[in-house]
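In what follows, a single structure is set out as structure tokens and then discussed.
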Amino acid sequence: LPGLQDLVPLINTEGSDSSSLDNMLELLTTGGVELPRALRMLIPPAWQNIEGIDPDLKAFYQYNAMHMEPWDGPAGIVLTDGRYACCLLDRNGLRPARWVTTDDGFITLASEIGTHGYQPEAVIAKGRVGPGQILVVDTLEGKVLHTRDIDELLKSRQPYKQWLRQNARLIEGSFVGESVAAISGAELDVYQKMFQVSFEERDQVLRPLAESGNEAVGSMGDDTPMAVLSRQERSLYDYFRQKFAQVTNPPIDPLRESIVMSLEVDLGPERNIFMESEEHARRISLTSPVLSQAKFQTILALDEEGFRSVVIDVTYDPSERNLRQALEAVCSSVEAAIREGGNTIILSDRGIGAARVPLHSLLATGAVHHHLIRSGLRAECNLIVETGSARDSHHVACLLGFGATAVYPYLAYSVIEDLFNRGELLGDPHLCQKNFRKGINKGLLKIMSKMGISAVNSYRGAQLFEAVGLDAELVSVAFTGVTSRVGGLSLDQLEKDQWQVASRARSRRKTIDQGGLLKYVHGGEYHAYNPDVVMSLQAAVTSGDYGDYLRYASYCNERPVAALRDLLALKFSDAPLPLDQVEPVEDILRRFDSAGMSLGALSPEAHEALAMGMNQIGARSNSGEGGEDPDRYGTNRVSKIKQIASGRFGVTPHYLVNAEVLQIKVAQGAKPGEGGQLPGGKVNDLIARLRYSVPGVTLISPPPHHDIYSIEDLAQLIFDLKQVNPDALVSVKLVSEPGVGTIAAGVTKAYADLITISGYDGGTAASPLTSIRHAGSPWELGIAEVQQTLRGNRLRGKVRLQADGGMKTGLDVVKAAILGAESFGFGTAPMVAMGCKYLRICHLNNCATGVATQNATLRQTHFVGDVERVVNFFTFVANETREWLAKLGVAKLEDLIGRVDLLERLPGETAKQQSLDLDPILWIDEDAADQPQFCQVSSNDPFDTADKANQMVADILPAIESASGGTFSYVVTNCDRSVGARLSGEIARRYGNNGMEPNPVIVKLSGTAGQSFGVWNAGGLHMYLEGDCNDYVGKGMAGGKLVVSPPQGSRFESRITSIVGNTCLYGATGGRLFAAGVAGERFAVRNSGAHAVIEGAGDHCCEYMTGGLVTVLGPTGVNFGAGMTGGLAFVLDEDRAFIDRYNSELVEIHRVAAESMEAHRHFLRDNIREFVTETSSVWGAHLLENFEDYVGKFWLIKPKAADINQLLSRLRDTD
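Under the working numbering, the residue at position 733 of the sequence shown is numbered 745, and the numbers go up by one with no gaps.
The following block contains the structure:
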């Protein structure tokens, strides 16, 4: 394109994601790329892992992927160029897109069905755009092109398959054991010390990776100082925090939806994206960016046109040049190598000698990456990093995120070899190396998925990190564009740290460091929960002596700097108040919550003691995400806060109506962007009953809430909860990160009543160690940003704000209040008060104090955490808070909220601490001076007054109160959301989940229901809808019946027509759903007990299912049954395609026609018969009439670990 350089930058990096995509698409089409091809280049389907894909079509996508990374979203794109009107979804299919064609020639497409008025008899067809699909209307020729039509056109444009076969190469691994050129003996000791390998890392990080191919799991949280606050020399990797998606876009699922993810990378120069030629296919592919020695040697040997490797030494002699000069020299060497024809640049720190020290590989990679961008050479080469510094997934992710194409972690391999030689690692050494790569690959998928990224090519160079503690110069040199809010480490300080490390590395008297980052080691890194803190707290709550508590508080309040708030001091008043003029302890206690800790993570005794203690002092306990025993409702053992997490374990209408606060856990401080996990050893009969699951089976929550893919979705869930329990406040739990203020503003506009901001140092019962250590930011930054943003947008008076994470004392409470918090969450501290010794073995089910185990012996023998200890702890904290208020001259905590003028900056104890800029925390917005500092309303009421729901309650409530049942009729539109939720709440409040089922209320409806039809449906409510529905039908239903059938007079064929939307039966625990048509994506995700029959389903059906029955009388999408550990499913497979569509990891399939399956055939027939009776389905009736012809085409799907006959018996018992 002539004059293209004059338009640089071509892509707007300051605007929204949509703006950037629009720029790129416009650029492609201006350059002559046809719109359908441009769209498929930018937003391709998941082609890498789909079985049965057309080889020519796969070749088209592979060819284009070599030069264009996917622009995944979640994306639901609607656009036009004047001729074509297009809609497409990315590979995850998280956005809904429903279309209707009518006989007057109109096609209507929207994110909801029912947006355009039409008569049922006028509809020719209805459908949806699914994951990776596209719909194009050619307005010039009057044609509608669906996915298959577009694919046929694109795959035949060029001989892509032939080009790839003749030009593309894949560097493959080998089954033969590779010979690793291992560093050993004294030389290995020097390398380990130079690259800061500790005995702790060898044993707790590398050994688990090599043994199992999985990252090590830990528990509790990160109670060490952030790297910039530490007195030790910490790796540069430790200054970077992984970014994660929350609310405005979701994380995706690397565990159960890895089918849509890819780690494949390509080597070779980029080419003109406006053109297509055979030369474009000349690329070298790798299945993973983590290289084995064999693959690295293959790359090292490349020496041909377009693939010439050049090794650049990134070590330097400090006597000859300083770090800045060394960095400049490396950048100059790389530029010169590229201009001389090199295009595979290998940055190697292997050459440390007697006088040479390495540039940190992350610093070198980032600096070279940005130097090449500025020089206009970045697209001419690939960067391969040969390094001793990268040994876990966070390290590798950092290198990729700042520009590396692949990483060769040579020192990790040598350490694994050494572990094997010392007998600390057993098995095949080749397999151990392979396991290490497998574990790193899993970790990379997890880190990418936190930001909703599916392909590593989209992650490379994206810089999806926050730097906490790096100064502006260092960021500009190597990490341009990365957020670093508080300044910190400079290049000079980094150089001094490197000298210190190098000096110890060459000292023969210095051994490898013991470690201490993961667990407390005497003389190692500081830990906030060190033995002095733990023992002094337990002594105080046991004795009940406030003097003992003050000893504990002094350990916390006078500790070495371990958090940003430790660098902030209170400005005491010249006129302190007498203590009797400060508000009473009782008023302060009401502001305390215990953090969400589930029954399952905690023992029943600990969970109940915490609830009873909080209720006794007028505070609130949080149930966590594991449900609650209904026997506790209405007693002093009830948790006033009920949590709704992504797994929806135990979330029923009865659970929801027994709460004062309903908390939506969007993210958790210790592992944001990931779901919870409860090891199978902790899932005993009680836990399985409360979570509607199977004893002994590990329970994993999906990383996203499958009903929160956007801020609008969150608003819908908040509305759902306020409908089922109008008396409860709705809270949203977020994790501190840059931009959390904007997210909180959106959450407030979505009508949340409370927002919790959790810090990175919050606890967890089980999480990968890399997540505990490298994700999330301090709550001090988050609370301050949210307070400033809400006030600046005139929203602060509508919502309450809570700080959570690592809080221990009254001083923490006061500082959090000054930064903007009105209430305060405590998690780990009350656990310690109940006896926890902070051993970090919560995930192993052998807690020595009975606090975090389901082992009956340990609980009965060792648990000492009575209610009094809980009461003592919180009372002590409240008393200390009053003392600080008195010194500040403030009578009420409310008057302290947002008063950042009462804080002053302390100088800090180290050069790194002194270099921090805390002004962003202490900033006062003069333009918002007239805005309140705290919430001014009792609740943040939605704009939607739910008039139809109010009318239904007025009409039907007498029938509910008398338990007499009855039949009622209404017309609904897509503006009528959460239909039935109010009724279910009224039923559950009086009769529990299923107490009214014998005398049901029958509601007959016609029209198109809005989002969440039948949400939280309780037993005793039967709703029949003639029409269709949007997303979330039957979400969280516990009983009753939902029946959806096409309108009378419909001309379309129901079995190929969408009738309900995405994510139906999410977290359902009971009841029945019959829908005479096709369901969308993720039908019955996390179903725990509902029975359903539908005529077809999209991708990911029965994902994470732990109970219930799903019958699909037609085709399904891919990935059926991923993570399915309970329940049963039947699928009609007329074209034998299902064999490639189910996920075989945890389930197995059986033909129903086998002689041994007679009982199952009868059960299936009865199931279809009931479906036909309820829906009058034409297709269902046809199957019944010709059952013997079709029964052989049904599959039965069950968990591998389940007995097929026991499953059937259990299902019949619940009928």
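The beta carbon of each residue, even a glycine, is placed where N, CA and C say it ideally should be.
Per the DSSP secondary-structure output, residue 99 pairs in a beta bridge with 90 and 147. If you ignore the 5 residues before and after residue 645, its C-beta comes within less than 7 Å of the C-beta of 670, all in its own chain and listed in chain order.
Taking a contact to require three or more Cβ pairs closer than 8 Å, the segment 693–703 and the segment 1014–1028 do not qualify as touching.
Counting every other CB atom within 10 Å of its CB across the protein chains shown gives residue 118 a total below 16, marking it as exposed. Closest in alpha carbon position to residue 239, among 1169, 625, 140 and 499, is 499. Taken atom to atom, the span from the alpha-carbon of residue 486 to that of residue 873 is near 55 Å. Close CB contacts of residue 303 within its chain, under the 6 Å cut and outside five residues either way in sequence, are with 418 and 420 (chain order). According to DSSP, residue pairing for residue 327 in a beta bridge involves 370.
Judged by their CB atoms, residue 636 and residue 881 are not nearer to each other than the 9 Å cut-off.
For residue 432, same chain residues with a beta-carbon under 7 Å away, outside a window of 5 residues either side, are 441 and 444 in chain order. DSSP places residue 510 inside the alpha helix (DSSP H), whose first and last residues are 503–517. Residue 736 and residue 1028 have their alpha carbons spaced roughly 7 Å apart. Taking C-beta atoms as the reference points, residue 747 and residue 679 count as a pair closer than 9 Å. Bounds of the alpha helix (DSSP H) holding residue 347 are 335–351. When the beta-carbon positions are compared, residue 1223 and residue 1125 stay at least 9 Å from each other. If you check the CB distance, residue 770 and residue 794 come in under 9 Å. Proximity of the segment 928–939 to the segment 591–606 falls short of the contact definition, fewer than three beta-carbon pairs being nearer than 8 Å. With a cutoff of 9 Å on beta-carbon distance, residue 1161 and residue 1208 are scored as near each other. For residue 1004, same chain residues with a beta-carbon under 6 Å away, outside a window of 5 residues either side, are 666 in chain order.
Under a 10 Å Cβ-count criterion, residue 287 is classified as exposed, with fewer than 16 other Cβ atoms of the shown protein chains found around its own Cβ. Each of 1189, 195 and 826 was checked against the Cα of residue 584, and the nearest Cα belongs to 826. Considering only 1069, 709, 749 and 777, the residue with the shortest C-alpha distance to residue 1119 is 709. Here residue 949 is exposed, its C-beta having fewer than 16 other C-beta atoms within 10 Å. The beta carbons of residue 88 and residue 107 sit about 3 Å from each other, so the pair counts as a contact at 8 Å. Between residue 380 and residue 212, the alpha-carbon positions lie close to 32 Å from each other. The DSSP-derived three-state label of residue 935 is coil. Shortest Cα-Cα distance from residue 171 to any of 292, 159 and 263 involves 292. At a Cβ-Cβ threshold of 9 Å, residue 331 and residue 525 do not count as neighbours. Taking C-beta separations shorter than 6 Å and ignoring five residues to either side along the sequence, the partners of residue 194 in its chain run 426 and 429, following chain order.
The secondary-structure analysis by DSSP pairs residue 767 across a beta bridge with 744 and 813.
The beta-carbon separation of residue 633 and residue 610, rounded to 12 Å, does not stay under the 8 Å limit for a contact. Less than 9 Å separates the beta-carbon of residue 1110 from that of residue 1090. For residue 936, the CB contacts under 8 Å within the same chain, skipping 5 residues up- and downstream, are 912 and 913 in chain order.
The C-beta distance from residue 1025 to residue 1186 rounds to 16 Å, too long to meet the 8 Å contact threshold.
The residues 621, 624 and 625, in chain order, have a CB closer than 6 Å to that of residue 879 in the same chain once the five nearest residues on each side in sequence are set aside. When C-beta atoms of the segment 751–765 are compared with those of the segment 780–788, fewer than three pairs fall below 8 Å, so the two segments do not count as touching.
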